[in-house]
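With numbering that gives the first Met the number 0, the residue at position 135 of the sequence shown is 134, and numbering never jumps.
Every residue, glycine too, gets a C-beta built ideally from N, C-alpha and C.
See below for the structure under consideration.
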Amino acid sequence: MAEQRGRVPTQQPAERPSTAADSEKYDSSAANTHREAATQPDTVSDKDREFYEKYGTYDRYEITEEDCYDELGFCFPTWKKWLILSIVFTVQVSMNFNTSLYSNAVGGISEEFGVSAQAGRLGAAIFLITYAFGCELWAPWSEELGRWPILQLSLFFVNIWQIPVGIAPNFGTILAFRALGGLSTAGGSVTLGMVADMWEADTQQYAVAFIVFSSVGGSILGPVVGGFVEEFLAWRWNIWIQLIFGGATQIVHFFFVPETRSTIMMDRIAKKRREESEKNGKPLNLWGPNELTPYKERFSMREILITWIRPFRMFLTEPIVLVLSLLSGFSDALIFMFIQSFALVYAQWDFATFAVGLAFVSIGVGYFLAWMSFIPAIKRNERERKAKPDDERAQYESRLWWLLYTAPCLPIGLIGFAWTSTGPPLPWIASMIFAAIVGIANYAIYMATIDYMICAYGPYSASATGGNGWARDFLAGVLTLPATPFFQNIPNSSNPNHLAYASTILFCISFVLVLAVYVIYFKGPELRKRSPFAQQLAGARDDVGGRRVSAVPGLYGSRHNSIAQGSPAPGSRRGSVIRGASFTSQQRTQSRSQPAY
């Protein structure tokens with residue numbers, strides 16, 4: 000293995016070298032770097048000459064995570080981490096709340112604008128579909144510009160687009176601005192990235208479980224609140240409540256959530272250290288990673304397109320990603336189909352509109368029970384990983400262990416719901432018990448698949464989990480429109496058991512998908528060996544002695560992924576010395592793409 004790179008010096012030498020050659024000798028000894036000798040460039044700009052006169056070298060030193068680790072999000076106090084995460088929890092709830100509350104406005108929209116109820120549901124579907132793409136479009140910008148400004152910008156646009164919907168003079172306005180609202184939603188791509196900013200890969204499971212709970216919980220909060228709004232208020236209040244909730248969330252986030260993205264914090268730390276050194280009369284040659292990268296490189300359209308395309312490419316080419324994403328997406332789509340079908344089911348027991356909304360509490364109970372059940376499961380998983388550090392199944396597939404027992408809750412819940420939703424004389428509570436079982440499965444599937452992909456795909460996990468999130472939102476949006484006709488007309492509305500038959504079809508589909516969990520658990524090592532992404536990641540880990548790597552260049556782009564970020568082991572980052580006098584794009588690219596030593 001190549002020699003490990005040393006830490007960046009925190010102060011300049013007492014006697015500065017007088018030549019570029021002497022500067023090179025100083026750089027090699029002080030920084031303990033493994034690199035080729037520096038030579039003074041043929042053409043030196045005035046700016047570079049000023050730099051040399053000030054720092055005694057043409058080299059720029061890039062701060063690394065290990066140089067300022069105790070100032071990054073990983074070392075925030077526990078109370079601060081969970082305060083930030085609690086606010087992010089609220090942000091995620093508000094985003095998912097927007098996806099489901101609209102459904103309770105369909106009746107009023109249909110009546111006011113003279114469109115069918117089926118057409119009215121298009122506003123819910125179009126929001127979810129554009130939400131699926133919006134999450135992927137926002138993610139790269141949170142990596143380059145930081146989590147805080149991107150979440151603020153996302154919340155601002157989502158809230159702004161609520162206003163035209165709330166005062167819409169026609170149905171077309173509603174559809175247009177609902178689409179913009181979905182496209183403006185940053186979603187889990189950013190919130191899960193914030194988890195990775197503050198927790199290491201081996202300790203982030205509890206935080207991921209918390210954020211997953213906020214994601215699924217927000218979806219059922221909408222109909223609970225919406226039932227009361229539909230019963231007692233005008234339909235436009237469904238929109239104004241979204242705006243009030245979103246606005247309050249944005250204000251809290253603005254004042255109480257700091258930036259957590261490591262590269263942005265490193266820029267600020269380097270700048271602060273330079274300013275402090277300037278005050279002491281000792282210029283410090285230390286720069287943040289983004290300060291040393293030209294604007295055109297940071298925001299290269301090619302790299303952005305690669306980042307945007309990668310989740311969809313992995314979704315289509317990686318069997319593990321495809322199967323687990325379809326399972327997760329189908330499970331989530333069921334919740335949005337339930338939103339449309341609960342009114343039909345509980346009308347048989349003469350439920351009032353607000354009572355139908357309260358029926359969704361049963362799914363929320365299932366989510367909570369599943370979340371609690373993962374706490375001991377995570378502890379067991381941690382013990383197994385520590386006891387078997389060289390066992391691939393213990394390091395990867397063990398994260399799916401609890402899903403082996405909870406995934407069957409999906410078909411069990413569906414078939415049970417199907418044949419207890421036929422109306423009196425059966426008690427209504429029976430169907431709600433099975434709805435809670437479906438909730439347990441939905442949470443467990445989302446949590447376990449996200450956790451497994453983060454571990455299995457390393458730097459590519461943002462793309463892998465992005466495909467998972469995209470499938471959940473896209474399938475939910477697509478299936479929102481046919482949900483009501485599906486429950487009404489299979490086999491036909493005159494059949495007294497037509498609701499049961501519809502859910503039975505869903506049971507059959509879920510049974511096939513759940514089988515895939517067992518295939519991946521037992522055949523996961525073989526499947527990962529056939530994956531070009533997983534193979535390259537394994538090779539990179541071998542190169543650094545099995546340590547975690549934060550980026551692996553060469554396969555569909557080399558940008559850092561949000562969920563994969565963490566604190567790599569010392570020596571696993573790109574080189575800390577940035578070569579060259581004129582800072583041309585080519586020189587910087589060569590220096591920053593050298594293998595880590």
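Assignment of Arg-527 by DSSP, reduced to helix, strand and coil, places it in the helix class. Looking at the DSSP output, Glu-61 sits in a beta bridge with Trp-286. Residues of the same chain with a CB within less than 7 Å of the CB of Ala-206, apart from the 5 flanking positions on each side, are Leu-84, Val-194, Trp-198 in chain order. Note that the C-beta distance between Thr-259 and Gly-412 is not below 9 Å. A Cβ-Cβ contact shorter than 9 Å links Gly-476 with Ala-123. Between Ser-183 and Asn-95, the C-beta gap is not smaller than 9 Å, which leaves the two residues out of contact.
The Cβ neighbour count for Met-313, taken over all protein chains shown within 10 Å, is at least 16; the residue is labelled buried.
Scanning Ala-515, Arg-59, Gly-226, Thr-306 for the CA closest to the CA of Pro-318 turns up Ala-515. Shown here, Asp-66 sits in a helix according to DSSP, grouped into three states. Within the model, the alpha-carbon separation for Arg-267 versus Trp-286 is close to 9 Å. Scanning its chain for C-beta atoms nearer than 6 Å, with the 5 sequence neighbours on each side dropped, one finds around Ala-435 the residues Ser-361, Val-364, Gly-365, in chain order. Taking a cut-off of 8 Å for Cβ pairs, the segment 428-447 and the segment 291-304 do not touch, as fewer than three such pairs fall below it. Residue environment analysis places Cys-408 among the buried positions, since at least 16 neighbouring C-beta atoms fall within 10 angstroms of its C-beta. Burial state of Ala-247 is exposed, judged by a 10 Å Cβ sphere holding fewer than 16 other Cβ atoms. Listed in chain order, the alpha helix (DSSP H) elements of length 4 or more contained wholly in the segment 264-308 are 294-297. Contact annotation: Phe-329 and Ile-504 have beta-carbon atoms that are not nearer than 9 Å. Residue range 121-144 is occupied by the alpha helix (DSSP H) that includes Trp-140. Boundaries of the alpha helix (DSSP H) harbouring Leu-191: 187-197, taken from the DSSP string. Of all alpha-carbon atoms in Ala-185, Leu-191, Ala-463, Glu-65, the one lying nearest the alpha-carbon of Leu-150 is that of Ala-185.
Here the alpha carbons of Arg-392 and Ala-376 stand approximately 16 Å from one another. C-alpha of Ala-167 to C-alpha of Pro-222: approximately 22 Å in a straight line.
With fewer than 16 other beta carbons inside 10 angstroms of its own, Gly-113 counts as exposed. A Cβ-Cβ separation of about 3 Å places Thr-129 in contact with Gly-181 under the 8 Å criterion. When secondary structure is reduced to three states using DSSP, Thr-419 falls in the coil class, being assigned neither helix nor strand. The three-state reading of DSSP puts Arg-235 in coil, since its state is none of H, G, I, E or B. The beta carbon of Met-431 lies closer than 7 Å to those of Ala-358, Ser-361 in the same chain, with the five residues before and after it left out. In terms of Cβ geometry, Ile-219 and Ala-178 do not form a close pair [threshold 9 Å]. Three or more pairs of CB atoms, one per stretch, sit closer than 8 Å, so the segment 227-246 contacts the segment 92-109. CA-to-CA, the gap between Thr-77 and Asp-69 works out to about 13 Å. Sixteen is the threshold: since fewer than 16 other Cβ atoms of the shown chains lie within 10 Å of the Cβ of Ser-493, the residue is exposed. Around the beta carbon of Ala-332, 16 or more other beta carbons sit within 10 angstroms, so the residue counts as buried. If you draw a straight line from the Cα of Pro-293 to the Cα of Trp-137, it comes to about 21 Å.
In the three-state reduction of the DSSP assignment, Pro-388 falls in the coil class. Looking only at Leu-321, Val-256, Ser-109, the smallest Cα-Cα distance to Val-87 is reached by Val-256.
Leu-343 is positioned such that its CB atom lies no closer than 9 Å to that of Gln-204. Out of Asn-284, Pro-310, Gly-119, Arg-146, the CA that lies nearest to the CA of Phe-132 is found in Pro-310.
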